[in-house]
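Student: Got a structure for you, written out below as structure tokens; questions coming shortly.
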Amino acid sequence: MATVELINLLRPIVAIAYYVAFSALALHKHPEYLERLRQPDGRFREMFVQEVRRFYPFAPFLGARVRNEFDWGGNHFKKGKLVLLDVYGMLHDPRLWEKPELFKPERFANWQGSPFDFIPQGGGEFELGHRCAGEWITIEVMKQALGFLVNHISYEVPPQNLYYKLDRMPTYPQSGVIISNIRRI
Ligand code: HEM
Numbered sequence: 000m001a002t003v004e005l006i007n008l009l010r011p012i013v014a015i016a017y018y019v020a021f022s023a024l025a026l027h028k029h030p031e032y033l034e035r036l037r038q039p040d041g042r043f044r045e046m047f048v049q050e051v052r053r054f055y056p057f058a059p060f061l062g063a064r065v066r067n068e069f070d071w072g073g074n075h076f077k078k079g080k081l082v083l084l085d086v087y088g089m090l091h092d093p094r095l096w097e098k099p100e101l102f103k104p105e106r107f108a109n110w111q112g113s114p115f116d117f118i119p120q121g122g123g124e125f126e127l128g129h130r131c132a133g134e135w136i137t138i139e140v141m142k143q144a145l146g147f148l149v150n151h152i153s154y155e156v157p158p159q160n161l162y163y164k165l166d167r168m169p170t171y172p173q174s175g176v177i178i179s180n181i182r183r184i
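By numbering that gives the first Met the number 0, the letter at position 118 of the sequence shown is numbered 117, and the numbering carries on one by one without gaps.
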């Protein structure tokens, strides 16, 4: 039990750190958003963070076993069958997201989607299923970390390997995201 509890503590901390690194990567790739990210009301920071969670892969799929048989979409789901939910695929599906291959925080300005479309931390209502209980705290920590990067320090991103593999879970830029010449502003 102690080990499980310890892992339950460490896992979300590491998970959020991955997303913070992807936020820094997104900022490095899209400096055109810097001024809007600096705005004090934080509205654009929230849109940016949501787009980081949509665009960058973290958990590419989630697995579950069928408890009660059912039919859906022309498929029969037998009891005990292993089912994989294609998280990355749904977050890049052009039927749900316009030009999904583009990093575009503006898409969240008036987003009217459902909890079944935007599923970086599991799908559906979290009260009724297994959607991540830490989703709100994740978003808040990401907003704070991004606010710190844009409003409190200046830094450089030296040449490094920012490529991330899609067959690793969870995935991460190969070099991490190394920043240098960090100064308080
Ligand atoms: C980058 C950050 C995080 C990611 C990507 C993430 C992702 C996930 C995913 C994919 C699930 C499974 C959803 C499902 O099976 O449908 C999950 C469940 C869960 N997460 Fe997170 N999580 C993150 C942060 C956190 C944090 C910060 C906490 C706690 C403060 C947390 C607590 C939980 C709990 C308790 C569950 C299990 C919910 C249940 O089974 O009912 N997570 N998370």
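We treat Cβ as the ideally placed atom computed from N, Cα and C, and that holds for glycine.
#1: Measure the alpha-carbon distance for Asp85 versus Tyr32 and round it to whole angstroms.
#2: CB Pro114 to CB Glu124, shorter than 7 Å?
#3: Can you tell me where the alpha helix (DSSP H) holding Ala144 begins and where it ends?
#4: Please report the distance separating the alpha-carbon of Leu165 from that of Ser153.
#5: Tell me the rounded alpha-carbon separation between Arg10 and Gln120.
#6: If Gln38 sits next to Phe107, beta carbons under 8 Å apart, how far is it from one beta carbon to the other, in whole angstroms?
#7: Could you give the uninterrupted runs of the alpha helix (DSSP H) lying entirely in the region 45-128, keeping only those of 4 residues or more?
Tutor: Put simply:
#1: Those two C-alpha atoms are separated by around 30 Å.
#2: Result yes, Cβ atoms of Pro114 and Glu124 sit closer than 7 Å.
#3: First-last of the alpha helix (DSSP H) with Ala144: 134-150.
#4: So the alpha carbons of these two residues sit roughly 30 Å apart.
#5: For Arg10 and Gln120, the distance between alpha carbons rounds to 13 Å.
#6: The C-beta separation of Gln38 from Phe107 comes to about 15 Å, leaving the pair out of contact by the 8 Å criterion.
#7: Here the runs fully enclosed are 86-90.
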